[in-house]
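Engineer: This is the structure, below, for whatever I ask next.
There are 2 protein chains.
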Amino acid sequence: MTRLPPLTLALALAATALPAAAQDAPAPVTPASVVAGAPASDWRAIDPADLLVMTLAPDAAGQPRVVTIQLIPPPFSQGWVGNIRTLAKAHWWDGTSVYRVVDNWVTQWGDGEDDAAKAKRLPAGLREVPESEYTADAPSTVTASGIALYYQANAGAQSPSLFNGRIVFRGQKSWDYAAYAAGFPYSGSMDPHRSLAWPIHCYASVGVARDLSPNTGSGAELYTVIGHAPRQLDRNIAVVGRVIEGIEHLSALPRGKGEAGVYSDPTLRVPIVSVRLGDELPAADQPKFEYLDTDSASFARYLEVSANRNDPFYRVPAGGIDICNAKVPIRRVKP
Amino acid sequence: MTRLPPLTLALALAATALPAAAQDAPAPVTPASVVAGAPASDWRAIDPADLLVMTLAPDAAGQPRVVTIQLIPPPFSQGWVGNIRTLAKAHWWDGTSVYRVVDNWVTQWGDGEDDAAKAKRLPAGLREVPESEYTADAPSTVTASGIALYYQANAGAQSPSLFNGRIVFRGQKSWDYAAYAAGFPYSGSMDPHRSLAWPIHCYASVGVARDLSPNTGSGAELYTVIGHAPRQLDRNIAVVGRVIEGIEHLSALPRGKGEAGVYSDPTLRVPIVSVRLGDELPAADQPKFEYLDTDSASFARYLEVSANRNDPFYRVPAGGIDICNAKVPIRRVKP
Numbered sequence: 000m001t002r003l004p005p006l007t008l009a010l011a012l013a014a015t016a017l018p019a020a021a022q023d024a025p026a027p028v029t030p031a032s033v034v035a036g037a038p039a040s041d042w043r044a045i046d047p048a049d050l051l052v053m054t055l056a057p058d059a060a061g062q063p064r065v066v067t068i069q070l071i072p073p074p075f076s077q078g079w080v081g082n083i084r085t086l087a088k089a090h091w092w093d094g095t096s097v098y099r100v101v102d103n104w105v106t107q108w109g110d111g112e113d114d115a116a117k118a119k120r121l122p123a124g125l126r127e128v129p130e131s132e133y134t135a136d137a138p139s140t141v142t143a144s145g146i147a148l149y150y151q152a153n154a155g156a157q158s159p160s161l162f163n164g165r166i167v168f169r170g171q172k173s174w175d176y177a178a179y180a181a182g183f184p185y186s187g188s189m190d191p192h193r194s195l196a197w198p199i200h201c202y203a204s205v206g207v208a209r210d211l212s213p214n215t216g217s218g219a220e221l222y223t224v225i226g227h228a229p230r231q232l233d234r235n236i237a238v239v240g241r242v243i244e245g246i247e248h249l250s251a252l253p254r255g256k257g258e259a260g261v262y263s264d265p266t267l268r269v270p271i272v273s274v275r276l277g278d279e280l281p282a283a284d285q286p287k288f289e290y291l292d293t294d295s296a297s298f299a300r301y302l303e304v305s306a307n308r309n310d311p312f313y314r315v316p317a318g319g320i321d322i323c324n325a326k327v328p329i330r331r332v333k334p
Numbered sequence: 000m001t002r003l004p005p006l007t008l009a010l011a012l013a014a015t016a017l018p019a020a021a022q023d024a025p026a027p028v029t030p031a032s033v034v035a036g037a038p039a040s041d042w043r044a045i046d047p048a049d050l051l052v053m054t055l056a057p058d059a060a061g062q063p064r065v066v067t068i069q070l071i072p073p074p075f076s077q078g079w080v081g082n083i084r085t086l087a088k089a090h091w092w093d094g095t096s097v098y099r100v101v102d103n104w105v106t107q108w109g110d111g112e113d114d115a116a117k118a119k120r121l122p123a124g125l126r127e128v129p130e131s132e133y134t135a136d137a138p139s140t141v142t143a144s145g146i147a148l149y150y151q152a153n154a155g156a157q158s159p160s161l162f163n164g165r166i167v168f169r170g171q172k173s174w175d176y177a178a179y180a181a182g183f184p185y186s187g188s189m190d191p192h193r194s195l196a197w198p199i200h201c202y203a204s205v206g207v208a209r210d211l212s213p214n215t216g217s218g219a220e221l222y223t224v225i226g227h228a229p230r231q232l233d234r235n236i237a238v239v240g241r242v243i244e245g246i247e248h249l250s251a252l253p254r255g256k257g258e259a260g261v262y263s264d265p266t267l268r269v270p271i272v273s274v275r276l277g278d279e280l281p282a283a284d285q286p287k288f289e290y291l292d293t294d295s296a297s298f299a300r301y302l303e304v305s306a307n308r309n310d311p312f313y314r315v316p317a318g319g320i321d322i323c324n325a326k327v328p329i330r331r332v333k334p
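Residue numbers (numbering that gives the first Met the number 0), protein chains in the order written: chain D, 0 to 334; chain X, 0 to 334.
Below is the structure:
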């Protein structure tokens, strides 16, 4: 197919490649080719216990709709992640719905009932998580000395760079940075007065909807990002994971026309049949995924090539990359 | 409605406000309140001659679908914009379709036929636009002295700042920046050896699909961004405008399952009934929009408030903003 902007990596992995360069030239190195060539030892299994499998009602054509969410690992947002495990084990989301869709913003699901007298009763054992848990101590593999980093790279500047063997993005201030830990992007501040880190929003991130601060939400009402990363929500809302398969079942829904993008027409609500932790499913049905180790040489090369595209479609390599455009490669493992 | 992440500005303007703060506190200043309070003199009319009105076939429920696109003003991409005017005047898009939708990437429309023997014949008078027109001389209102700017701001750093009365985003290199000209975001380099500027991709930007470089596309096949801004396409593809109304008719379509996200099921293609320049329509039907002057004090205040939210939902103001999250306010003018 011609006249097409190139595919994103995730799709390029599955799709037929674009036309190759002239046969006498070496095959171009692309983000997809780096990922395809990564040795098995650079991939890490995702524990099914860290996955949520959300089954929606079939679509109008009767096609199944399953959304798989990976919960964020420590040190981030573990209070809410714990609540989400409790909610899933209680099968609390069964019979709730996707009830809010705002273009270039979020799709949201859960009970969606404001009136406390009508709201679905929450299970026992949920924690009230304080705002202090929006941030955490920085993952220990990032150290303080000499960091000069950061995140949303721009065209022609801000390449990711290596520091102590870690890939980091330089910040405007010398103490601000972004990096990856255990396969997730995060940001942090090495300000000597407060050494904090926090998970960041990207497309398909999953977060905990809430009322006005200081409420932080229980984890029962969740949203996923379906547009440009809302950076202003970082540290203001809990990021608890990301959709790793089936985002199109949430991003391609009709936009809501009620207040705040809620479906005023209740027939548009998408019924949630069930939400299960992956390890609650029968062994044969447990989802098996791997992510490319963000500490690996393959991932370093993937970032470098992503930031400096020189395959035939491109004429000006950006020389940098936005961390939300450098998505951590994830693949389904064949059983 | 509670338990909601806050609305984006564009929607907040239309929707009921979130619950107000306690009555004894002054009403919080928000991006929406700044825009609502901007004097009439800070708004600029968009010439209907610079709008494309794309009418799609009605949706499955029989509802009309109209997408309005604003063409980018000089100095950017005028070769392609000229072609697009020629194509629209020839009614070339009538009977073509939306044929490609890739999640977190683009929705694309036009003829979509690779086989030159089968492709729809293009009208006379189209230019072959060279790659050199991906960049332009920087708009004259940005000057060189002392620029220390730039664009994708991060949490806690990279606030937009004022320079020579212009709002700019600081770059990693002292000569890279982003700013706004005539209501559109762009980026540039003040490198003394090449003082260039170029339009940038954001959500809802419209660009010219093309084959491999050095092909630049005629303008007949167009796409719009439906995900995180693909910064790597800047200077590699022509940005020719943006969708200012009706993006949901392109972003909420089913994702394509064929090669490169093309609809392999041709019944999914969305017929394009017509595409017209706004000034070709009967006077009563001409679309009337205004944008907030990006050189105005209101816009400066809008950016400052957007970068430093302190209304009750927020607990940590970001202290900066990504230029693609600082969308230029646009409003429909009542006839």
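All C-beta atoms in this analysis are idealised placements derived from N, C-alpha and C, irrespective of residue type, glycine included.
1) Helix, strand or coil for R84 of chain X, going by three-state DSSP, please let me know.
2) Express the C-alpha separation of S297 of chain D and V224 of chain X in angstroms, rounding to a whole number.
3) Whose C-beta lies closer than 6 Å to the C-beta of R275 of chain X among residues of the same chain, with five residues either side of it excluded?
4) Hey, does S305 of chain X have any beta-carbon neighbour from chain D nearer than 9 Å?
5) Going by DSSP in three states, R331 of chain X sits in which element: helix, strand or coil?
6) Would you tell me roughly how many angstroms separate the C-alpha atoms of E132 of chain D and Q69 of chain D, rounded to the nearest one?
7) If the cut-off is 7 Å on Cβ atoms, which residues from the segment 242 to 259 of chain D count as contacting chain X, listed in chain order?
8) Which residues, taken in chain order from the segment 287 to 314 of chain D, show a beta carbon closer than 7 Å to some beta carbon of chain X?
9) Quick one, are the C-beta atoms of R230 of chain D and I320 of chain X less than 9 Å apart?
10) Tell me the rounded alpha-carbon separation between E289 of chain X and S186 of chain X.
11) Can you find the residues in the same chain that come closer than 6 Å, C-beta to C-beta, to A154 of chain D, ignoring five residues on each side of it along the sequence?
12) With a CB to CB cut of under 7 Å and the five nearest residues on each side skipped, what residues in its chain are close to G240 of chain D?
13) Can you confirm whether E279 of chain X, when its beta carbon is compared against all beta carbons of chain D, has any partner nearer than 9 Å?
14) Check the Cβ of P74 of chain D against every Cβ in chain X and list those closer than 8 Å, keeping chain order.
15) My understanding is that T106 of chain X touches L232 of chain X, with C-beta atoms under 8 Å, so please give their C-beta distance in whole angstroms.
16) For V332 of chain D, count neighbouring C-beta atoms within 10 Å of its own C-beta (all shown protein chains included) and say buried if the count is 16 or more, exposed if not.
17) Specify the secondary structure class of Q231 of chain D as computed by DSSP and reduced to three states.
18) Within the same chain, show all residues whose beta-carbon is closer than 8 Å to that of D110 of chain X, passing over the 5 residues directly before and after it, in chain order.
19) Taking the continuous beta strand (DSSP E) assigned at E279 of chain D, which residues delimit it?
20) Are P198 of chain X and I322 of chain X closer than 9 Å when you measure CB to CB?
21) Which residues in chain X sit within 8 Å of S212 of chain D, going by Cβ to Cβ distance?
22) At 8 Å on the CB atoms, spell out the chain X contacts of K321 of chain D, in chain order.
23) Please report how far the alpha carbon of P281 of chain D lies from the alpha carbon of V28 of chain D, in whole angstroms.
24) Could you check what DSSP says for R126 of chain D in three-state terms: helix, strand or coil?
25) If you draw a straight line from the alpha carbon of A196 of chain D to that of Y313 of chain X, how long is it in whole angstroms?
26) With distances taken Cα to Cα, identify the nearest neighbour of P265 of chain X among X:G277, X:Q285 and X:V97.
27) Please list the terminal residues of the continuous alpha helix (DSSP H) segment that includes P30 of chain X.
28) Evaluate P47 of chain X with the Cβ neighbour count: other Cβ atoms within 10 Å of its Cβ, from every protein chain shown; 16 or more gives buried, anything less gives exposed.
29) Just list the residues that DSSP pairs V242 of chain D with in beta bridges.
30) Out of D:A137, D:S295, D:A59 and D:P74, state which residue places its alpha-carbon closest to the alpha-carbon of P328 of chain D.
31) So the alpha helix (DSSP H) Y301 of chain D belongs to, where does it begin and stop?
32) Starting from Y130 of chain D, find everything on chain X with Cβ-Cβ shorter than 7 Å and list it in chain order.
33) Using only the alpha-carbon positions, how far apart do R99 of chain D and L249 of chain D sit?
34) When DSSP builds the beta bridges, which residues end up paired with V101 of chain X?
35) With a Cβ-Cβ cutoff of 9 Å, do D93 of chain X and I271 of chain X count as a contact?
36) Could you name the residues of chain D that N82 of chain X contacts, counting a contact when the two beta carbons are closer than 7 Å?
Structural biologist: To lay it out plainly:
1) Taking the first residue of the second sequence as 1, we reach residue 84 of chain X at position 85. Residue state, collapsed to three classes: helix.
2) Start at 1 with the first residue of the second sequence, and residue 224 of chain X comes out as number 225. Start at 1 with the first residue of the first sequence, and residue 297 of chain D comes out as number 298. Cα to Cα, the separation comes out at about 29 Å.
3) Translated into positions along the second sequence, residue 275 of chain X becomes position 276. V52, listed in sequence order.
4) Position 306 of the second sequence, counted from the first residue, corresponds to residue 305 of chain X. Judged by the 9 Å Cβ criterion, S305 of chain X is in contact with chain D.
5) The count along the second sequence starts at 1 and reaches residue 331 of chain X at position 332. If DSSP states are grouped into helix, strand and coil, R331 of chain X belongs with the strands.
6) What you label residue 132 of chain D is simply residue 133 of the first sequence in a count that begins at 1. What you label residue 69 of chain D is simply residue 70 of the first sequence in a count that begins at 1. So the alpha carbons of these two residues sit roughly 19 Å apart.
7) I246, E247, S250, A251, L252, P253, R254, E258 and A259
8) The segment 287 to 314 of chain D vs chain X, Cβ under 7 Å: R308, P311, F312, Y313 and R314.
9) Along the first sequence, one-based indexing puts residue 230 of chain D at 231. Along the second sequence, one-based indexing puts residue 320 of chain X at 321. Yes; because the gap between Cβ atoms is below 9 Å, this pair is in contact.
10) Position 290 of the second sequence, counting from 1, holds the residue named residue 289 of chain X. Position 187 of the second sequence, counting from 1, holds the residue named residue 186 of chain X. Between E289 of chain X and S186 of chain X, the C-alpha separation is close to 23 Å.
11) The residue you call residue 154 of chain D lines up with position 155 of the first sequence. Because A154 of chain D sits at a pLDDT of 28, beneath the cut-off of 50, its placement in the model cannot be relied upon, and the following sentence gives the value as read from the coordinates. So the qualifying residues of the chain are A317.
12) Taking the first sequence and counting its residues from 1, the one referred to as residue 240 of chain D is at position 241. For G240 of chain D, where only same-chain residues beyond five positions count, the Cβ hits under 7 Å are I68, Q69, L70, I71 and V205.
13) For this step, residue 279 of chain X is matched to residue 280 along the second sequence. So no, E279 of chain X is outside the interface.
14) Working through the first sequence from its first residue, we reach residue 74 of chain D at position 75. None at all; the shortest Cβ gap to chain X is about 18 Å.
15) Your numbering for residue 106 of chain X matches position 107 in the second sequence. Your numbering for residue 232 of chain X matches position 233 in the second sequence. Actually they do not touch by this definition, with Cβ atoms about 15 Å apart.
16) Position 333 of the first sequence, counting from 1, holds the residue named residue 332 of chain D. Label assigned to V332 of chain D: exposed.
17) If you number the first sequence from 1, residue 231 of chain D lands on position 232. Helix.
18) For the purposes of this step, residue 110 of chain X is taken as residue 111 along the second sequence, with counting starting at 1. Cβ neighbours of D110 of chain X beyond the five flanking positions: T95, A118, K119, A219 and E220.
19) In the first sequence, residue 279 of chain D corresponds to position 280, counting from 1. E279 of chain D -> no beta strand (DSSP E), and no H or E assigned at all.
20) Counted from its first residue, the second sequence places residue 198 of chain X at position 199. Counted from its first residue, the second sequence places residue 322 of chain X at position 323. Cβ atoms of P198 of chain X and I322 of chain X: not closer than 9 Å.
21) By one-based count along the first sequence, residue 212 of chain D stands at place 213. Chain X residues near S212 of chain D: P311, F312, Y313 and R314.
22) Looking up residue 321 of chain D in the first sequence gives position 322. One point to set straight first is that residue 321 of chain D is Asp, not Lys, in the sequence displayed. Correct list: Q151, H227, A228 and R230.
23) For this step, residue 281 of chain D is matched to residue 282 along the first sequence. For this step, residue 28 of chain D is matched to residue 29 along the first sequence. Taking the straight line joining both Cα atoms gives about 40 Å.
24) Along the first sequence, one-based indexing puts residue 126 of chain D at 127. Reduced to three states, the DSSP call for R126 of chain D is coil.
25) Mapped onto the first sequence, residue 196 of chain D falls at position 197. Mapped onto the second sequence, residue 313 of chain X falls at position 314. So the two alpha carbons sit approximately 18 Å from each other.
26) Here residue 265 of chain X refers to the residue found at position 266 of the second sequence. Measuring from the Cα of P265 of chain X, the nearest candidate turns out to be X:V97.
27) Position 31 of the second sequence, counting from 1, holds the residue named residue 30 of chain X. P30 to A35 is the span of the alpha helix (DSSP H), which, as asked, contains P30 of chain X.
28) For the purposes of this step, residue 47 of chain X is identified with residue 48 of the second sequence, where counting begins at 1. Under this definition P47 of chain X is a buried residue.
29) Residue 242 of chain D sits at position 243 when you count from the first residue of the first sequence. Note: V242 of chain D sits in a beta bridge opposite D:I68.
30) Here the question's residue 328 of chain D lines up with position 329 in the first sequence. Checking every option, the nearest Cα to that of P328 of chain D belongs to D:S295.
31) By 1-based counting over the first sequence, the position of residue 301 of chain D is 302. Its alpha helix (DSSP H) spans residues A296 to A306.
32) Within the first sequence, numbered from 1, the residue matching residue 130 of chain D stands at position 131. Per the sequence shown, the amino acid found at residue 130 of chain D is Glu instead of Tyr. Those are R314, listed as they occur along chain X.
33) The sequence position of residue 99 of chain D within the first sequence is 100, counting from 1. The sequence position of residue 249 of chain D within the first sequence is 250, counting from 1. Roughly 10 Å separates the two Cα atoms.
34) Numbered from 1 along the second sequence, position 102 holds the residue referred to as residue 101 of chain X. In DSSP, V101 of chain X forms no bridge with anything.
35) Within the second sequence, the letter at position 94 stands for residue 93 of chain X. Within the second sequence, the letter at position 272 stands for residue 271 of chain X. In this structure, I271 of chain X lies closer than 9 Å to D93 of chain X by Cβ.
36) One-based indexing of the second sequence puts residue 82 of chain X at position 83. Chain D residues near N82 of chain X: none, gap ~14 Å exceeds 7 Å.
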